[in-house]
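Trainee: Can you keep this structure in mind? I'll have questions shortly.
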Amino acid sequence: MGIMYEFSPHPVWVGPFQEYIKPYWDEILEGEFVEGITHTKLSLSEMQGWMLQLYPFIHTFPKFLAEALVKVEDEYARSYLIDNIRVEKAHAEQWLWMGQGFGLRKEQMLELAEGRRPVLRDVQSLTDWIWYINTKGSLAEAVAATSFAIEGVTGDICRKILPGFEGYRGMPGVDMSPKTYKWMRQHAVYDDEHPKIAMEVVKRYATTERMQERVMLAAKRSLQLINLAFNTSYRAYSTADDANTFVPVDNRSGERRMQQVNLNFPERRFGDRRGRQIRAVA
Ligand SMILES: [Fe+2]
112 MGIMYEFSPH
122 PVWVGPFQEY
132 IKPYWDEILE
142 GEFVEGITHT
152 KLSLSEMQGW
162 MLQLYPFIHT
172 FPKFLAEALV
182 KVEDEYARSY
192 LIDNIRVEKA
202 HAEQWLWMGQ
212 GFGLRKEQML
222 ELAEGRRPVL
232 RDVQSLTDWI
242 WYINTKGSLA
252 EAVAATSFAI
262 EGVTGDICRK
272 ILPGFEGYRG
282 MPGVDMSPKT
292 YKWMRQHAVY
302 DDEHPKIAME
312 VVKRYATTER
322 MQERVMLAAK
332 RSLQLINLAF
342 NTSYRAYSTA
352 DDANTFVPVD
362 NRSGERRMQQ
372 VNLNFPERRF
382 GDRRGRQIRA
392 VA
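Numbering (this note's numbering), first residue to last: 112 to 393.
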């Protein structure tokens, strides 16, 4: 089932669009987060940090697409979004496997996805933005922000970090099974198509100069916010002597829970990494 996704030549405005977002795209691919995994430098708890914090976003992803689906007016965009929703459902499951392979418990991830514990501020910003643009934005903006920018940069991230990611095999606390690397391998390969089809949808719907400008801004905002979300969430789980010591997240959250009882205070998380000033990130 489904339709063949055809590609048309790019109209003139697509060149400047790609040029406009390139610095934000590159900033992610050349930044500490991607470089850290590429060289298998992020600690286990830092790896757990981003897998835990980003899970709710991955879990909600099909709902974002469903909001955009409501707006479609042609068969091409309709088929694309429906196909993508189905695919992304499976990806949430694979993300859980990935987290578990890195020592997270499924319940920890579900707890965040179900809103029983809050995500970090910058992760919340990403999620709120993608909700907003899919519900309140035009279809062109929604698809540019979500399937083009987020899925597009994710594909590039995965292609770059895949060998370094699999380099965690053998690290204490990591079980690099086929289930663990499934999400990463899948996104290194076939999410490749999604951003290209997304671009076709954007081209079909962004037919005025005003809308083309809004599409540029929407894609840029997604790239900025996903960059912040990844960086904040791995840094928030750094420990002072992260390079050498493996501290299971389970134990640490156990300690925090005990402190919480005494303080009767919602959890707060502070980033303190490599000499940077302590600052609140939650
Ligand atoms: Fe996916």
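The C-beta atom is built at its ideal place from N, Cα and C for all residues, glycine as well.
If residue 213 sits next to residue 159, beta carbons under 8 Å apart, how far is it from one beta carbon to the other, in whole angstroms?
Mentor: With a Cβ gap of about 6 Å, residue 213 and residue 159 count as contacting.
Trainee: Tell me the DSSP secondary structure of residue 153 in three-state form.
Mentor: DSSP places residue 153 in coil when its eight states are reduced to three.
Trainee: For residue 119, which of helix, strand or coil comes out of DSSP?
Mentor: Three-state result, residue 119: coil.
Trainee: Comparing the C-beta of residue 231 with each C-beta of chain C, is any distance below 8 Å?
Mentor: Here chain C cannot be found, since the structure has a single protein chain.
Trainee: Spell out a yes or no on whether the segment 223-236 and the segment 330-350 are touching, meaning 3 or more CB-CB pairs, one atom from each, closer than 8 Å.
Mentor: Result yes; three or more Cβ-Cβ pairs closer than 8 Å.
Trainee: If the criterion is Cβ atoms closer than 8 Å, does the pair residue 332 and residue 240 meet it?
Mentor: Cβ distance < 8 Å, so residue 332 and residue 240 count as in contact.
Trainee: Buried or exposed: residue 356, going by 16 or more other Cβ atoms within 10 Å of its Cβ?
Mentor: Confidence in residue 356 is poor, its pLDDT being 44 and thus under 50, which makes the residue's placement too unreliable to answer from.
Trainee: Looking only at C-alpha atoms, which of 306, 217 and 210 sits nearest to residue 156?
Mentor: Taking only the C-alpha atoms, the option nearest residue 156 is 210.
Trainee: Mind checking residue 225: buried by the 16 CB within 10 Å criterion, or exposed?
Mentor: Under this definition residue 225 is an exposed residue.
Trainee: Classify residue 254 as buried or exposed, calling it buried when 16 or more other Cβ atoms lie within 10 Å of its own Cβ.
Mentor: So residue 254 counts as buried.
Trainee: Nearest to residue 192 by alpha carbon, out of 346, 309, 345 and 349?
Mentor: Minimum Cα distance to residue 192 is reached at 309.
Trainee: Classify residue 201 as buried or exposed, calling it buried when 16 or more other Cβ atoms lie within 10 Å of its own Cβ.
Mentor: Residue 201 comes out exposed.
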